[in-house]
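Visitor:
Chains as they are written, first to last, in my numbering: chain A, 6 to 187; chain Z, 3 to 590.
#1: Would you please state the rounded distance, in angstroms, between the beta carbons of residue 71 of chain Z and residue 99 of chain Z? I believe it to be under 8 Å.
#2: Using a cut-off of 7 Å between C-beta atoms, extract the partners of residue 68 of chain A located in chain Z.
#3: Give the residues from the stretch 70-88 of chain A that approach chain Z closer than 8 Å (Cβ to any Cβ), ordered along the chain.
#4: Are the beta-carbon atoms belonging to residue 378 of chain Z and residue 551 of chain Z less than 8 Å from one another?
#5: Taking buried to mean at least 16 other C-beta atoms within 10 Å of its own C-beta, is residue 109 of chain Z buried or exposed?
#6: Contact between the stretch 284-303 of chain Z and the stretch 207-222 of chain Z: three or more CB pairs below 8 Å?
#7: Does the CB of residue 589 of chain Z have a neighbour CB from chain A at under 8 Å?
#8: Which residues of chain Z have a Cβ atom closer than 8 Å to the Cβ of residue 35 of chain A, listed in chain order?
#9: Just to confirm my understanding: we take residue 196 of chain Z, look at its own chain, exclude 5 residues before and 5 after, and list those with CB closer than 6 Å. What are they?
#10: Using only alpha-carbon positions, find the residue among Z:498, Z:177, Z:51, Z:467 that is nearest to residue 515 of chain Z.
#11: Which first and last residues belong to the alpha helix (DSSP H) in which residue 449 of chain Z is found?
#12: For residue 361 of chain Z, which of Z:452, Z:271, Z:555, Z:525 has the nearest alpha-carbon?
#13: Determine, using beta carbons only, whether residue 122 of chain Z comes closer than 8 Å to chain A.
#14: Is it true that the stretch 156-174 of chain A meets the stretch 125-134 of chain A, where meeting means three or more beta-carbon pairs spaced less than 8 Å apart?
#15: For residue 159 of chain A, which three-state DSSP category applies?
#16: Rounded C-beta distance between residue 94 of chain Z and residue 426 of chain Z? I'm assuming under 8 Å.
#17: Whole beta strand (DSSP E) runs in the stretch 469-552 of chain Z with 3 or more residues, listed along the chain?
#18: Can you list, in chain order, the residues of its chain with a C-beta nearer than 7 Å to that of residue 658 of chain Z? Leave out the 5 residues immediately preceding and following it.
#19: Any C-beta of chain A within less than 7 Å: which residues of the stretch 296-316 of chain Z qualify?
#20: Straight-line CA distance for residue 31 of chain A to residue 98 of chain A?
#21: Measuring straight from C-alpha to C-alpha, what distance separates residue 10 of chain Z and residue 249 of chain Z?
#22: Whole angstroms is fine: what's the gap from residue 586 of chain Z's alpha carbon to residue 291 of chain Z's?
#23: Can you name the start and end residues of the alpha helix (DSSP H) that residue 331 of chain Z belongs to?
#24: Could you name the residues of the stretch 89-102 of chain A whose beta carbon sits closer than 7 Å to any beta carbon of chain Z, in the order they occur along the chain?
#25: Output needed in chain order: residues of the stretch 147-163 of chain Z with a Cβ under 7 Å from some Cβ in chain A.
#26: Between the alpha carbons of residue 170 of chain Z and residue 16 of chain Z, how many angstroms are there, rounded?
#27: According to DSSP, is residue 388 of chain Z part of a helix, a strand, or is it coil?
#28: Rounding to the nearest angstrom, what Cα-Cα distance links residue 443 of chain Z and residue 67 of chain Z in this structure?
#29: Going by the CB atoms, is the gap between residue 56 of chain Z and residue 89 of chain Z shorter than 8 Å?
#30: For a cutoff of 8 Å on Cβ pairs, would you count residue 5 of chain A as touching chain Z?
#31: Taking the runs of the beta strand (DSSP E) that are 3 residues or longer, which of them lie wholly in the stretch 28-56 of chain A?
#32: List the DSSP bridge partners of residue 58 of chain A.
#33: Just to confirm before moving on: does the CB-CB distance between residue 26 of chain A and residue 52 of chain A stay below 8 Å?
#34: If you reduce the DSSP assignment to three classes, tell me which class residue 90 of chain Z lands in.
#35: Give me the chain A residues within the contact set of residue 288 of chain Z, using Cβ-Cβ distance strictly less than 7 Å, ordered along the chain.
#36: Counting only runs that start and end within the stretch 116-159 of chain A, where is the alpha helix (DSSP H) found for 4 or more residues in a row?
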C-alpha cells in the first residue's frame with residue numbers, strides 16, 4: 006500500500022451503518038429546504054429520500070422527512086446539527102426497524118397494454134391498495150402506497166406487464182397510537 | 003400615525019439600538035443608500051478598509067478583543083464574495099460578526115444583473131444564519147434577530163442581505179424590546195446532578211487535567227476569572243488550546259503550556275497519560291487530538307460546551323455538560339465549596355505523583371531552541387518581543403504559519419481577549435486587518451501583529467487603513483523568505499522537495515512602509531534586536547518591522563503525523579532518535 010502524505014489523520018474504523026428516518030419541523034420560509042439539504046451535503050451525510058410539504062398553514066410549519074444512513078455517531082450529529090438551524094423547531098429520529106412508526110411511500114405506475122395486461126398489473130400490486138387514477142383502452146395509471154423495498158419490487162415485477170414510467174415520493178412517517186412526537 | 007423610516011434609516015436605527023459604535027466596510031452601488039445615511043448617525047463610526055476581506059478580519063479582531071459583535075458593511079457581488087473568507091474564519095473560530103450586504107433591487111434578483119450574486123446561497127454554509135430581506139416590514143425584526151443569533155449560544159457570523167429597493171422603501175421601526183425573542187436555542191441544559199458527578203470524578207482522580215479552549219474566552223472575562231479560581235481550588239494542571247491562550251495566566255505554575263501539534267511535551271504527555279480529562283469550551287480539533295484511536299486512552303472524559311453538537315462529534319465522552327462555560331464553572335465552584343471537599347489539600351498527596359511526573363516532562367524543556375549570536379532565531383525574536391512588551395497591556399494578532407506557532411509558544415498571555423489568531427480556518431492574511439480592528443476597539447493599547455512575510459502580503463493593503471485612521475499598529479514580520487510551515491512539512495515529509503515554498507522576490511518592507519506613509523524598521527542581527535524593538539514600541543504610528551530570521555528554523559516540538567500525544571518530536575537535539583516513518587507521513 007502506498008503511504009499517503011496528507012496533512013490529516015487516516016480514517017479510523019467505521020461503525021455499523023444504520024438507516025434512520027429523520028423528521029424535521031421547520032418554518033416554511035424561503036431557502037429553508039436548502040439549509041437542511043446543504044447541511045447534509047456539506048457535512049457528507051447521505052440522503053436516500055426526501056419528502057417535504059407545508060403541514061400547518063396558520064403556524065407556517067413544514068415537515069421534512071429524510072431517510073438517511075450512517076453510523077450511530079453520524080446519526081447523532083445529524084440530529085444535533087439540524088437542531089442548531091434557526092428555522093428548525095424540532096427533530097424526530099426513528100430507526101427504520103422501529104415498530105412504533107409507520108413509514109410509507111407512494112408510487113405512480115404508467116402501464117401501457119391491453120386490458121388483460123392492465124388487469125394483470127393491477128393484480129400484481131393488489132397487496133398495496135392499488136388505485137386507478139386514469140385509464141384508456143390501452144393504458145392505465147396506478148397508484149400504490151407501500152414501503153420502499155415493496156415499491157422497488159413492484160417496479161421490477163410490473164416491467165413484464167407493460168410498465169413504462171414510474172414516479173415515486175420519498176417516505177413519510179407517523180408514529181402509531183395516540184401519542185405524537187415531541 | 004407612527005413615523006415611517008427608509009430601509010437605510012432602519013439599518014442605522016437598529017445599529018444604534020444594538021449599541022454599535024464601529025462598522026468596517028467598503029461602499030458600492032448596492033449599498034449607496036445606506037452609506038448616504040451614515041452622516042446622520044454620529045455615534046456610529048465607519049472604518050473604510052481597502053478590501054472586504056480586511057473588513058471581515060478587522061471586525062473579527064474587534065469582536066475577539068472587546069467581546070462585542072463586529073459589524074461589516076459591504077456591497078453586492080464582489081463585495082459579498084470578498085468577505086466570504088472572513089465569514090468562514092469567524093464561523094470556525096466562533097466569532098460574533100454581523101455582516102450587512104447590499105443586493106441588487108428585488109425585481110432584478112435572478113436576472114444576472116450587474117454585481118449580482120446569490121449572496122445568501124454562497125454564505126449559507128459559512129454563517130450561523132443569513133437573511134435576504136424581501137419585505138421592508140421585516141427589516142427591523144431581521145436586524146435585531148441577526149444580532150441575537152450572532153451573539154448568543156456559540157457565537158458566530160450572520161449575514162443580512164438587503165436589496166437596494168428595500169433600502170429606499172419605508173416602514174415603521176421597532177426597537178429590540180418589541181421583537182419577540184427567537185426560541186432559545188442557547189440556554190443551559192446542565193443540572194446539579196451532572197455537576198455532582200463531575201465533582202465525584204474530580205475527587206477520585208489521581209491524574210487529572212483541565213483542557214480548556216476558546217469557549218472560556220467567548221464566555222466573557224468572568225469565565226476566565228472563575229477558571230483561575232477552579233484551577234486553584236483543585237490544584238490540577240491546566241493546558242489550553244491555541245484559542246484558549248490567555249484564559250489562564252501563561253506564567254502560572256499550574257499552567258503546563260499549550261497542547262496539540264506544536265504544544266509542549268508536558269501538556270501532550272499529560273493529555274495522553276491522564277485518568278481524568280476535563281474539557282472546558284474546546285472541541286477536540288484534529289490539530290489537538292493527534293491520532294484519534296490513541297487519544298488519551300486511559301482517561302474518563304468530561305466535556306463542558308455550550309454547543310450540544312460539539313459533544314461526541316470526535317471523541318466519545320463519559321460526562322457531557324451542556325451549558326455556558328461561565329455558569330458551569332460557577333456551579334462547580336459553588337458545589338465544591340459547599341461540599342467543603344478541600345480538594346487542593348486532600349488531593350495533594352494523591353496527585354503529587356502526577357505533578358512529579360509532569361515536572362519530569364518539563365525538564366525536557368521542549369520549547370528550547372539553539373540560539374545564535376550571528377543570526378536572529380525566530381523564537382528568540384518572539385521571546386524578546388514578549389520581554390519588552392509584557393509590562394504593558396499588549397494585544398497580539400498573528401497571521402498563519404510557523405510564526406503563529408512560535409508566537410503561541412513563546413509569548414505568554416495573562417488575560418483573555420489579548421490573543422487574536424486564525425485557528426480553525428488558518429487564514430493567512432488575518433493578522434494585519436485583525437490588528438486594525440483591535441486597535442479601533444482599544445485605541446490606547448499596544449497592538450502587535452506577529453507576522454510572516456508571506457502572510458502579510460495577502461492583506462498588505464490594510465496598512466493603508468491603519469495610516470488613514472492613525473492606528474499605531476505594529477507589524478512584526480519574522481521574515482525567512484519561505485512559506486515556513488510548508489517548507490517544514492516538505493522537509494519532514496517530502497524529502498526536502500521545496501516545491502514553490504520559497505519567495506524569490508519580496509518587497510523591501512522598509513520602503514513599502516514609507517510608501518504607505520508609516521515607519522519601516524529592519525533588523526538583521528541579534529545585537530540590534532532589543533534596541534529596534536524598543537524603537538518600534540516608542541513610535542506612535544503604524545510600524546512595519548522587518549525582522550530577518552534564520553531561514554531554516556523549524557517549529558518544534560511537534561506531534562509527528564500518525565503519532566499519538568506521547569510520541570512527540572522534540573527539537574534538533576532529539577531528532578536522531580525519533581524519525582518520522584512512512585506511515586506517519588500521512589498525518590502531519
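C-beta: ideal position from N, C-alpha, C; glycine also.
Guide: According to the data block:
#1: Position 69 of the second chain, counted from the start, is the residue given in the question as residue 71 of chain Z. Position 97 of the second chain, counted from the start, is the residue given in the question as residue 99 of chain Z. Their Cβ separation, rounded to whole angstroms, is 7 Å, which keeps residue 71 of chain Z and residue 99 of chain Z in contact under 8 Å.
#2: Position 63 of the first chain, counted from the start, is the residue given in the question as residue 68 of chain A. What residue 68 of chain A touches in chain Z: nothing, since even the nearest Cβ is about 17 Å away.
#3: 78, 81, 82, 85, 86, 88
#4: Counting from one through the second chain, the residue named residue 378 of chain Z turns up at place 376. Counting from one through the second chain, the residue named residue 551 of chain Z turns up at place 549. Yes; because the gap between Cβ atoms is below 8 Å, this pair is in contact.
#5: Along the second chain, one-based indexing puts residue 109 of chain Z at 107. Residue 109 of chain Z should be labelled exposed.
#6: yes
#7: What you label residue 589 of chain Z is simply residue 587 of the second chain in a count that begins at 1. Residue placement at residue 589 of chain Z is poorly supported in this model, since its pLDDT is 48, which falls under 50; the coordinates are not used for a value here.
#8: For the purposes of this step, residue 35 of chain A is identified with residue 30 of the first chain, where counting begins at 1. By Cβ distance, chain Z contributes 134, 136.
#9: In the second chain, counting from the first residue as 1, residue 196 of chain Z sits at position 194. Result list for residue 196 of chain Z: 323, in chain order.
#10: What you label residue 515 of chain Z is simply residue 513 of the second chain in a count that begins at 1. Here the closest residue by C-alpha is Z:467.
#11: Against the second chain, residue 449 of chain Z aligns to sequence position 447. Note, residue 449 of chain Z: premise wrong, no alpha helix (DSSP H); beta strand (DSSP E) at 448-454.
#12: One-based indexing of the second chain puts residue 361 of chain Z at position 359. Minimum Cα distance to residue 361 of chain Z is reached at Z:271.
#13: One-based indexing of the second chain puts residue 122 of chain Z at position 120. Output row for residue 122 of chain Z: interface = yes.
#14: yes
#15: On the first chain, residue 159 of chain A is found 154 positions in, with the first residue counted as 1. In the structure shown, residue 159 of chain A sits in a helix (DSSP, three-state: H, G or I).
#16: In the second chain, the residue the question calls residue 94 of chain Z occupies position 92. In the second chain, the residue the question calls residue 426 of chain Z occupies position 424. About 3 Å separates the two Cβ atoms, so the contact holds.
#17: 476-481, 521-525, 545-550
#18: Outside the shown range of chain Z, which is 3 to 590, sits residue 658 of chain Z, and nothing can be said about it.
#19: 310, 311, 314, 315
#20: Taking the first residue of the first chain as 1, we reach residue 31 of chain A at position 26. Taking the first residue of the first chain as 1, we reach residue 98 of chain A at position 93. Those two C-alpha atoms are separated by around 15 Å.
#21: Looking up residue 10 of chain Z in the second chain gives position 8. Looking up residue 249 of chain Z in the second chain gives position 247. Whole-angstrom Cα-Cα distance: 39 Å.
#22: Residue 586 of chain Z sits at position 584 when you count from the first residue of the second chain. Residue 291 of chain Z sits at position 289 when you count from the first residue of the second chain. Any reading at residue 586 of chain Z must be qualified, since the residue scores a pLDDT of 49, below 50, and its modelled position is unreliable; the value itself is stated next. Rounded to the nearest angstrom, the two C-alpha atoms are 15 Å apart.
#23: On the second chain, residue 331 of chain Z is found 329 positions in, with the first residue counted as 1. Counting along the chain, the alpha helix (DSSP H) containing residue 331 of chain Z begins and ends at 327-341.
#24: 89, 91
#25: 151
#26: The sequence position of residue 170 of chain Z within the second chain is 168, counting from 1. The sequence position of residue 16 of chain Z within the second chain is 14, counting from 1. Taking the straight line from one Cα to the other gives about 16 Å.
#27: Numbered from 1 along the second chain, position 386 holds the residue referred to as residue 388 of chain Z. Correct three-state label for residue 388 of chain Z: helix.
#28: Within the second chain, numbered from 1, the residue matching residue 443 of chain Z stands at position 441. Within the second chain, numbered from 1, the residue matching residue 67 of chain Z stands at position 65. If I take the Cα positions, the gap works out to 7 Å.
#29: Along the second chain, read from residue 1 onward, the residue named residue 89 of chain Z stands at position 87. Along the second chain, read from residue 1 onward, the residue named residue 56 of chain Z stands at position 54. Not a contact, by the Cβ cut-off of 8 Å.
#30: As shown, chain A starts at 6 and ends at 187. That puts residue 5 of chain A outside it, with no answer to give.
#31: none
#32: For the purposes of this step, residue 58 of chain A is identified with residue 53 of the first chain, where counting begins at 1. Paired residue(s): A:68.
#33: The sequence position of residue 26 of chain A within the first chain is 21, counting from 1. The sequence position of residue 52 of chain A within the first chain is 47, counting from 1. No, the Cβ-Cβ distance between residue 26 of chain A and residue 52 of chain A is not below 8 Å.
#34: Residue numbering aside, residue 90 of chain Z sits at position 88 when the second chain is read from its first letter. Here residue 90 of chain Z sits in helix by DSSP.
#35: In the second chain, counting from the first residue as 1, residue 288 of chain Z sits at position 286. Ordered by position in chain A, the residues that pass the 7 Å Cβ test against residue 288 of chain Z are 13, 14.
#36: 120-129
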